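First to last, the sequence lines map onto chains L and S. Per our numbering: the first sequence = residues 1 to 263. Per our numbering: the second sequence = residues 1 to 338. Every residue gets a Cβ at the ideal spot worked out from N, C-alpha and C, and that includes glycine. The structure presented is a predicted model; accordingly, all values stated were derived computationally and were not measured.
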Amino acid sequence: MTISIQVENVTKEFTMQYHRTLKQMAVASVRRLPLQEKFLAVNDVSFTVEQGESVGLMGLNGSGKSTLLKVLNGVMRPDKGTVRTRGRIAGLIATGAGFHPQLTGRENLFLNGAIMGMSEAETKRKFDAIVDFADIGKFLETPVSHYSSGMYARLGFSIAIHVDADIFLADEVLAVGDRPFKKKCMAKMQEVRQQGTTIFYVSHATASVRSMCDRILVLEKGHLNYDSKTVEGGSVEGGIRYLQYDDDETDEAVSDEELGADI
Amino acid sequence: MRAANKRTEPADSGASKRGRNAAKRARRMMQNQADAMPVVEADGPRHERVVDAELLPPAPHGGLLEVFQQPYLLRLIVARQLAQMYAASLLGLMWSYIQPALRFAVYYFVMGFILQLHKDTPYFAIHLFTGMVVVHYFGETWNGGTRSIWQNKGLVQKMRMPRELFPVAAMVVAAYHTLPQVLLLVAICAIVGWHLTWTAAAAGVLGVAILVTFALALALTFSALNVFYRDFQNIVQTIMQFMHFLVPMMYPFTLVWAAHDSNPWLYQIYVSNPITQAVLLLQRFFWYPLIEDTDGLGQNFPPDMFQRGLITLAVCVLLLWAAQRFFSRVEGKFPERL
Chain L
1 MTISIQVENV TKEFTMQYHR TLKQMAVASV RRLPLQEKFL AVNDVSFTVE QGESVGLMGL
61 NGSGKSTLLK VLNGVMRPDK GTVRTRGRIA GLIATGAGFH PQLTGRENLF LNGAIMGMSE
121 AETKRKFDAI VDFADIGKFL ETPVSHYSSG MYARLGFSIA IHVDADIFLA DEVLAVGDRP
181 FKKKCMAKMQ EVRQQGTTIF YVSHATASVR SMCDRILVLE KGHLNYDSKT VEGGSVEGGI
241 RYLQYDDDET DEAVSDEELG ADI
Chain S
1 MRAANKRTEP ADSGASKRGR NAAKRARRMM QNQADAMPVV EADGPRHERV VDAELLPPAP
61 HGGLLEVFQQ PYLLRLIVAR QLAQMYAASL LGLMWSYIQP ALRFAVYYFV MGFILQLHKD
121 TPYFAIHLFT GMVVVHYFGE TWNGGTRSIW QNKGLVQKMR MPRELFPVAA MVVAAYHTLP
181 QVLLLVAICA IVGWHLTWTA AAAGVLGVAI LVTFALALAL TFSALNVFYR DFQNIVQTIM
241 QFMHFLVPMM YPFTLVWAAH DSNPWLYQIY VSNPITQAVL LLQRFFWYPL IEDTDGLGQN
301 FPPDMFQRGL ITLAVCVLLL WAAQRFFSRV EGKFPERL
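Below, the structure is given as structure tokens:
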């Protein structure tokens, strides 16, 4: 199997406050505090993903998942270590689709498609499919600033999933949509997975991770603490248990007591 | 009696079935909470996808060359920039002509008639207008380029693209605004009686080359610097305030030449400005061929204009290369700084 993503000892560091005034720096040095506080968002992470594998990325908030995705996408460069990918990457990372509020949905569609690597002919060919999936109707011709957050997510996801990418990164943006849309997205993602695209799926919902992913990576404060491929007898279930996300699963007796359904 | 024993005797099938159904319904309701992700199972065979590409770092590393290999994307970014500039604007594009037109009128009447600067210069209006077009293009490229990455911080933080795209887009937008002025200049020259000579053509090409490379080098460098310290856009605006006076457009070059013996260093500094040279070269192209009697004119161009021009062009190309190196080194830090 060909290697799709190769991450070796990737570290990404952020400074807490970039612009300190002279007064703030003077006060900090008098109090013997460090002038610049840094923190490691991603700390020495290594893994290899093969083409067609479907990887789940889980972790608590602030554990470095979005930063790792941005490094994979190419938006950020790692401070140490290397990351290498093969082919076209498409995806939505937590902060949204990068739409410009003054352009219409149609213009943003073409722009985002072009940024992700689609040529003009390809975008025109897929235009109808993208618009049908997004299902925003006549709002396609209005400026994006008038969209609701759900429509925003729908259009963004629709563009990303139709790019025909070799690697697809899905961050928690799907949390914004309504239930029918989420179902549509998951079905479409399974379809894309069947076609052999590498999928990187970030979510807090354990059931969907179980159904979507073959492998799980667990990040804790920037460290990769559980990789179901390298751990002895590892599995997606093992990762979920490691993260202790499995205690909210249906335990019949407990639920009955909690609900007071003791009739 | 029976009712009191309901809790301890679940043997009655009707009541316990109701109880179990209620519990099941409640559990299903909990599972179907709106914020839970639905589960869709995979079905069908998994196909293998053959990817015909190499294993490379995903961050863009092609620089300016990568930008020019994607003209479609550049065109869309320029369209986005224009939409941003003219959103909710009634006059729209007209505003980029009103200011230069007013400036031209003021300079022509104040410098020309009140200060009597154009009494020896035939076709002074064309002399002035050529300079204004050059400075307008340079100013808009430099100003727009400096702010370009901040203005597009949404895209830079979320998606992957070569970031030189934004200063280059600013330059294309500046060309878009300057083009009608150039066409007007060409039309006026054609009406007055312009003819092409080899020297004039060489001067035109050299002038445009110097202007474009210098403007792009500055736009690239300052757009990167502006990300770290937003003071740079104010520095650029301040310098552009007096750029109109630093080039020989309101006054003929003869006045500068008259002072070159007494202030040799100032003269050298004045003439080594690439924009001054671009203005002089383009005046050589547009304005000089219009004059019938060139002998009585005086020294309107530096005697070594072409040699200086070629040296300046070489320096500007070097500056562009250095700007690209600098930009590539710091662009990794843009997303976290914006």
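C-beta atoms of residue i and residue j nearer than 9 Å
i	j	result
V164(S)	F327(S)	In the sequence as presented, Val is not what sits at residue 164(S); that position holds Glu. Contact: yes.
I216(L)	A170(L)	no
M339(S)	V173(S)	Limits of chain S in this structure are 1 at one end and 338 at the other, which puts residue 339(S) out of reach.
G196(L)	R147(S)	no
S54(L)	D166(L)	no
P162(S)	G145(S)	no
Q194(L)	V40(S)	no
G113(L)	E141(L)	no
R284(S)	M305(S)	yes
Q277(S)	T312(S)	yes
A170(S)	A219(S)	yes
H146(L)	F157(L)	no
Q323(S)	L184(S)	Reading the sequence as shown, one finds Ala at residue 323(S) and not Gln. Not in contact: A323(S) and L184(S) (Cβ atoms no closer than 9 Å).
G222(L)	A41(L)	yes
V50(S)	T2(L)	yes
M37(S)	A205(L)	yes
T15(L)	Q36(L)	yes
Y97(S)	Q181(S)	yes
Residues of its chain near residue i, where Cβ-Cβ distance is below 6 Å and the 5 sequence neighbours each way are ignored
i	result
S266(L)	Absent from the structure is residue 266(L), since the part of chain L shown begins at 1 and ends at 263.
F214(S)	P274 and C316
K229(L)	R215
N108(L)	F99 and V144
Chain S contact for residue i (CB, 9 Å cutoff)
i	result
A114(L)	yes
V75(L)	yes
F110(L)	yes
Q6(L)	yes
Q190(L)	yes
A267(L)	Because chain L is modelled from 1 through 263, residue 267(L) falls outside the range shown and cannot be assessed.
M186(L)	yes
G234(L)	no
Q24(L)	no
Same chain, Cβ closer than 8 Å to residue i, neighbours up to 5 away in sequence not counted
i	result
L338(S)	I149, W150, K153, V156, Q157 and V227
Y242(L)	V218, N225 and Y226
G59(L)	K65, V218, L219, E220 and L243
G91(L)	L69, N73, A160, A165, I167, F168, L169, A170, D171 and F200
L281(S)	A203, G204, L206, G207, I210, M305 and G309
Below-9 Å beta-carbon distance, residue i vs any chain L residue
i	result
G332(S)	yes
A34(S)	Note that A34(S) has pLDDT 45, beneath the 50 cutoff, so the model's placement of it is unreliable and no number is given.
M1(S)	Low local confidence applies: a pLDDT of 48 at M1(S) is under 50, so the model's placement there is unreliable, and no value is given.
H47(S)	yes
R160(S)	yes
G154(S)	yes
A87(S)	yes
E66(S)	no
Burial state of residue i (16 or more Cβ within 10 Å)
i	result
E140(S)	buried
T121(S)	buried
V30(L)	exposed
S63(L)	buried
I126(S)	buried
I269(S)	exposed
Y288(S)	buried
N234(S)	exposed
Y229(S)	exposed
L12(L)	According to the sequence as given, residue 12(L) is Lys; it is not Leu. Under this definition K12(L) is a buried residue.
H162(L)	buried
S149(L)	exposed
Neighbouring residues, chain L, relative to residue i (Cβ below 9 Å)
i	result
G144(S)	Ordered by position in chain L, no residue passes the 9 Å Cβ test against G144(S), which lies about 17 Å from the chain.
R340(S)	With chain S covering only 1 through 338, there is no way to say anything about residue 340(S).
Proximal chain L residues relative to residue i, where beta-carbon distance stays under 8 Å
i	result
G44(S)	Q194
E54(S)	R86
V51(S)	T2, S4, Q51, R86, G87 and D166
Contact set between residue i and chain S, taken where Cβ atoms lie within less than 8 Å
i	result
G56(L)	Result: empty, since nearest Cβ-Cβ is about 12 Å, beyond 8 Å.
T82(L)	P57
T197(L)	R49
Contacts that residue i makes with chain S (C-beta to C-beta distance below 7 Å)
i	result
E120(L)	Y72
Beta-carbon neighbours of residue i, restricted to chain L and to distances below 7 Å
i	result
L76(S)	F110, L111 and A114
R80(S)	H100, L103 and L111
P60(S)	G74
Any chain A beta carbon closer than 9 Å to residue i
i	result
M37(S)	Although the question refers to chain A, the structure presented lacks it and instead comprises the protein chains L and S.
Cβ neighbours of residue i in the same chain (closer than 7 Å, five flanking residues each side left out)
i	result
E8(L)	S46, G81 and T82
T199(S)	none
F110(L)	T123
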